[in-house]
Amino acid sequence: MMRRLISWMLYYKGFIIAALLAIIIISLYVSSELAMRRETVVVQTGPLRFLSLAWQEEAVEAVREITGQWNAQHPEQQVEYIQGTWNSIHDYLITGFETGDIPDIFHYESAIIVDFALRGYLADLSPYITDEMQADVLEVDWSSVTRPSGEVIGIPFINESFIVLYNQDLFEKEGIAVPSFEEPWTWADLQEAAQKLTKDLDNDGTVDQWGVAMGLRNSANIIMNHSIAFGGSFFYQNEQGMIETRVGAPEKELLSVILDMLYQEKTMSPSCIGKSSTEMLPGFLSGKYAMVVAIGTWARQQVQENAPADLRWSVMPPMKAKTQAMGLNTQTLSIPKSCTRQAVAMEFISYLLSSENMTRLAGSDWMMPTRKSSLNDPRFQTEANGWQVVTKSAQYLSTGPWVGLPGYIEWKSRVANPIFQELFAGRLNLEEAAIRIEKESNSVLARYQVRGLKW
Amino acid sequence: MQISNILSSRSLKRRITRFLMHGLILTFLVYLLFPLIWMISTSFKPTAEIYSGIPSLIPKVFTGEHYLTVFQEKRLLMSIANSLYVGVITSIIVVLISLPAAYALSRYKTAVNKLVMGWILTSQIFPAILIMIPLFLVLRSLHLTDTLSGLVLVYVVWDIPFVLWMLQGYVKEIPIELEEAAAIDGANQTQIIYKIIMPLLLPAIGAAVLFAFISAWNEFFFALVLLKSPDLTTLPVELARYTGIEGQARTGPLAAASFIATIPSIILFAILRKWFSSGALQGAVKG
Numbered sequence: 000m001m002r003r004l005i006s007w008m009l010y011y012k013g014f015i016i017a018a019l020l021a022i023i024i025i026s027l028y029v030s031s032e033l034a035m036r037r038e039t040v041v042v043q044t045g046p047l048r049f050l051s052l053a054w055q056e057e058a059v060e061a062v063r064e065i066t067g068q069w070n071a072q073h074p075e076q077q078v079e080y081i082q083g084t085w086n087s088i089h090d091y092l093i094t095g096f097e098t099g100d101i102p103d104i105f106h107y108e109s110a111i112i113v114d115f116a117l118r119g120y121l122a123d124l125s126p127y128i129t130d131e132m133q134a135d136v137l138e139v140d141w142s143s144v145t146r147p148s149g150e151v152i153g154i155p156f157i158n159e160s161f162i163v164l165y166n167q168d169l170f171e172k173e174g175i176a177v178p179s180f181e182e183p184w185t186w187a188d189l190q191e192a193a194q195k196l197t198k199d200l201d202n203d204g205t206v207d208q209w210g211v212a213m214g215l216r217n218s219a220n221i222i223m224n225h226s227i228a229f230g231g232s233f234f235y236q237n238e239q240g241m242i243e244t245r246v247g248a249p250e251k252e253l254l255s256v257i258l259d260m261l262y263q264e265k266t267m268s269p270s271c272i273g274k275s276s277t278e279m280l281p282g283f284l285s286g287k288y289a290m291v292v293a294i295g296t297w298a299r300q301q302v303q304e305n306a307p308a309d310l311r312w313s314v315m316p317p318m319k320a321k322t323q324a325m326g327l328n329t330q331t332l333s334i335p336k337s338c339t340r341q342a343v344a345m346e347f348i349s350y351l352l353s354s355e356n357m358t359r360l361a362g363s364d365w366m367m368p369t370r371k372s373s374l375n376d377p378r379f380q381t382e383a384n385g386w387q388v389v390t391k392s393a394q395y396l397s398t399g400p401w402v403g404l405p406g407y408i409e410w411k412s413r414v415a416n417p418i419f420q421e422l423f424a425g426r427l428n429l430e431e432a433a434i435r436i437e438k439e440s441n442s443v444l445a446r447y448q449v450r451g452l453k454w
Numbered sequence: 000m001q002i003s004n005i006l007s008s009r010s011l012k013r014r015i016t017r018f019l020m021h022g023l024i025l026t027f028l029v030y031l032l033f034p035l036i037w038m039i040s041t042s043f044k045p046t047a048e049i050y051s052g053i054p055s056l057i058p059k060v061f062t063g064e065h066y067l068t069v070f071q072e073k074r075l076l077m078s079i080a081n082s083l084y085v086g087v088i089t090s091i092i093v094v095l096i097s098l099p100a101a102y103a104l105s106r107y108k109t110a111v112n113k114l115v116m117g118w119i120l121t122s123q124i125f126p127a128i129l130i131m132i133p134l135f136l137v138l139r140s141l142h143l144t145d146t147l148s149g150l151v152l153v154y155v156v157w158d159i160p161f162v163l164w165m166l167q168g169y170v171k172e173i174p175i176e177l178e179e180a181a182a183i184d185g186a187n188q189t190q191i192i193y194k195i196i197m198p199l200l201l202p203a204i205g206a207a208v209l210f211a212f213i214s215a216w217n218e219f220f221f222a223l224v225l226l227k228s229p230d231l232t233t234l235p236v237e238l239a240r241y242t243g244i245e246g247q248a249r250t251g252p253l254a255a256a257s258f259i260a261t262i263p264s265i266i267l268f269a270i271l272r273k274w275f276s277s278g279a280l281q282g283a284v285k286g
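Residue numbers (numbering that gives the first Met the number 0), protein chains in the order written: chain E, 0 to 454; chain X, 0 to 286.
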């Protein structure tokens, strides 16, 4: 009997293995789904867990110190500092939400926590926000984290925005006047200056000094945030109330400017196509690039720390298209819905983001604070390291139309970034890229909208 | 005359072949070693030189500031200790379980052997991300999340299939006559495994230990998700903290910490190197 069973099993081994595989896959799927649906009620005791993404030495030190001060003043409610990493935070949080084991307070960014809010993972912080904080944080920052229902999904505390770095010596050498807030540059002005600054210094037929550099490897963020000034929105509501993507004239303008600098005027190094903004910095420090366009405000720290003593550099005001508007992304602190101590977690956030502390946190990260009182701090009003230009640029910050759009993050990584890469690498022309973006975008967005996810 | 011509042409061909082979090996070595050398070089460069945009293999100015920074942060040493603990315990348990299992699979021909081997191969196709959530829930019910023991358990389960597969291949190569001779001399099954088979399997065990250790030493995702307490962080998770938003990194300290991270693997390889020597079976069976 046993022998017959074994010989039967051997005869059908392929089928048995396939069946086992199917059982495993189904059980993994079912257990994951169950885990996702289960309301995990874990009675939380002990210290509140606070996951921070501060990573620069000075910023880590600042967060640790402020947390230590809170712990000294609040012996009844301690906070445990956990240092997370930007590269792995998404996987960490997703698994944390789905298993119910998630820090009580976590640091991330507005564009991405929207997705968590749509899945119902985040606590509404609006009942806990003090009037003082409500009034002091910039309206544009609140709009990036507030749902139409009034729910607030995170407290914005640092603005990630873009700047243009320029080499003062090279500008002076070419007699190029530096733009001001009163007379900002248009993109045409930038192109003209880039042509003057692009040089073959040793007359060997190759360019040694490029007028402009721009990290184009994953450029969707840059394109989206800067296209706002041209009136480019990319996302529009159709007659049926569904969001769809359109790449019309306003969306194409910035793309055309970049293509012109790359291929017509040849003022932007082709190596920009495969590099990130960070990778532009060594070239800027060595004088290879006269300007670095659309780089984060944080880059100033790298420049200040690593620039040769004789490099004179500064920051110019936002470029003007139809307007000087510039999309922003804010770094936020959020509390998961599953946290049973939301009120006290929010108390800690309010403490961490008091005006004085926010000034310190933003300063240590070389980014713009979201509180008006912090922006007015003398630390951010100095001309040194471009702080004053950065702070004054806050008036042009704007919330992109994609905030709260279900599927935006997938759209950016699966559609926009790859197609922009192909466009800048010359494998697609602008019309082809526009058609592909519209076609591929709408299938991604439709998938999310069919699921009924609403901001 | 003709014979000497043929001989010299053969010898020339052999020389050319040897030269090409050596060239190929050298190219491969450079390809393998270059990133390591670059990392070491970067770890000794001042930050300004790293960002100068002028690549150089030998630092213009040597500095130990990055090593000082990573050791001052203290967490690196703690994470090295955690990774060592996890790596060593994992490799010991993996070998202790896999060795008798590999022996049984190779020597006892039962109807389920093929199914077991099929199952082992099948288990290798699941990516970590797919099993992460169920695994986390299972470990939490066993109170093993946020413990190094839980992480060791995961690594052991993760590594055993491959090590078992590797070891059973080696066991098959050992002549059965050796075991028969030992049995005639009165050795029992345990003695045969640990006194006859194990010494002959030293190169394979060395490879298995190294594989289990390095995979535990380098593993990132399980450690990231399963360990929450800062004191339990392992080295790969700690190293990730030197990188920031949009591809920024504290390159100097990262290179220094990464170099420190490679040292235990190099030491382990140096210790196990003699185990890898071949020819252990030479002359074991005559006639």
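Just so you know, even glycine gets a beta-carbon here, dropped at the ideal spot from N, CA and C.
For clarity, every value in this text was computed on a predicted model and none was experimentally measured.
Looking at E:Thr-244, E:Ile-222 and E:Asp-168, the one whose alpha-carbon comes closest to that of Lys-438 of chain E is E:Thr-244. A check of alpha carbon separations from Tyr-169 of chain X across X:Val-93, X:Ala-101 and X:Val-224 identifies X:Ala-101 as the nearest. Scanning chain X for C-beta atoms nearer than 7 Å to the C-beta of Gly-295 of chain E yields Glu-245, reported in chain order. The beta carbon of Leu-422 of chain E sits no closer than 9 Å to any beta carbon of chain X. Distance between Asp-230 of chain X and Val-163 of chain E, taken at the CA atoms: about 41 Å. Bounds of the alpha helix (DSSP H) holding Met-357 of chain E are 354-364.
In this structure, the beta-carbon distance from Arg-106 of chain X to Glu-178 of chain X falls below 9 Å.
Linking Tyr-154 of chain X to Glu-218 of chain X through their CA atoms gives a straight-line distance of about 9 Å. Of the other Cβ atoms in all chains shown, 16 or more fall within 10 Å of the Cβ of Ile-192 of chain X; this residue is therefore buried.
Under the Cβ criterion of 9 Å, Tyr-241 of chain X is counted among the residues facing chain E. Counting along the chain, Ala-222 of chain X sits inside no beta strand (DSSP E); it lies in the alpha helix (DSSP H) bounded by residues 220-225. With a cutoff of 9 Å on beta-carbon distance, Asp-103 of chain E and Phe-49 of chain E are scored as near each other. Looking at the DSSP output, Val-388 of chain E shares a beta bridge with no other residue. In this structure Leu-166 of chain X is not in contact with Leu-209 of chain X, their Cβ atoms being roughly 13 Å apart against a cut-off of 8 Å. The DSSP-derived three-state label of Thr-145 of chain E is strand.
Within the region 320-347 of chain E, the runs of beta strand (DSSP E) that reach at least 3 residues and sit entirely inside it are, in chain order, 328-333.
For Tyr-84 of chain X, the three-state secondary structure derived from DSSP is helix. Assigned with DSSP and collapsed to three states, Asn-70 of chain E falls in helix.
DSSP, read as helix, strand or coil, puts Lys-265 of chain E in coil. Listed along chain X is no residue with a C-beta nearer than 7 Å to that of Ile-221 of chain E; the closest approach is about 11 Å.
Thr-339 of chain E counts as exposed, since fewer than 16 other C-beta atoms from the protein chains shown sit within 10 angstroms of its C-beta. Chain order gives no chain X residues near Thr-244 of chain E, where near means a beta carbon separation below 8 Å; the closest approach is about 24 Å.
With a cutoff of 9 Å on beta-carbon distance, Phe-229 of chain E and Glu-250 of chain E are scored as near each other.
Only residues of its own chain outside the window of five on either side were considered, and among them Ala-127, Ile-128 and Met-131 have a CB closer than 8 Å to the CB of Phe-220 of chain X, listed in chain order.
Not one beta carbon of chain X lies nearer than 9 Å to the beta carbon of Trp-312 of chain E. Here the region 79-91 of chain X does not lie against the region 307-325 of chain E, with fewer than 3 beta-carbon pairs under 8 Å apart. Secondary structure at Glu-176 of chain X: helix, using DSSP grouped into helix, strand and coil. In summary, the residues of the region 127-150 of chain X whose CB is separated from some CB of chain E by less than 8 Å are Ile-128, Leu-129, Ile-130, Met-131, Ile-132, Pro-133, Phe-135, Leu-136, Arg-139 and Thr-144, in the order they occur in the chain. In its chain, beyond the 5 residues on either side, Ala-222 and Leu-223 have a beta carbon closer than 6 Å to the beta carbon of Val-236 of chain X.
Residue contact check for Phe-219 of chain X against chain E: a CB pair falls below 9 Å. Residue environment analysis places Gly-149 of chain X among the buried positions, since at least 16 neighbouring C-beta atoms fall within 10 angstroms of its C-beta. A direct Cα-Cα distance of roughly 21 Å separates Gly-83 of chain E from Thr-44 of chain E. Distances from the CA of Ile-119 of chain X to each of X:Lys-108, X:Glu-72 and X:Leu-104 were compared; the closest alpha carbon is that of X:Leu-104. Taking C-beta atoms as the reference points, Leu-124 of chain E and Phe-115 of chain E fail to come closer than 9 Å. If you check each beta-carbon in the region 43-69 of chain X against every beta-carbon of chain E, the ones closer than 7 Å belong to Thr-46, Ala-47, Tyr-50, Ser-51, Gly-52 and Ile-53. Spatial neighbours of Gly-149 of chain E in its own chain (CB-CB distance under 7 Å, excluding positions within 5 residues in sequence) are listed in chain order as Ser-125.
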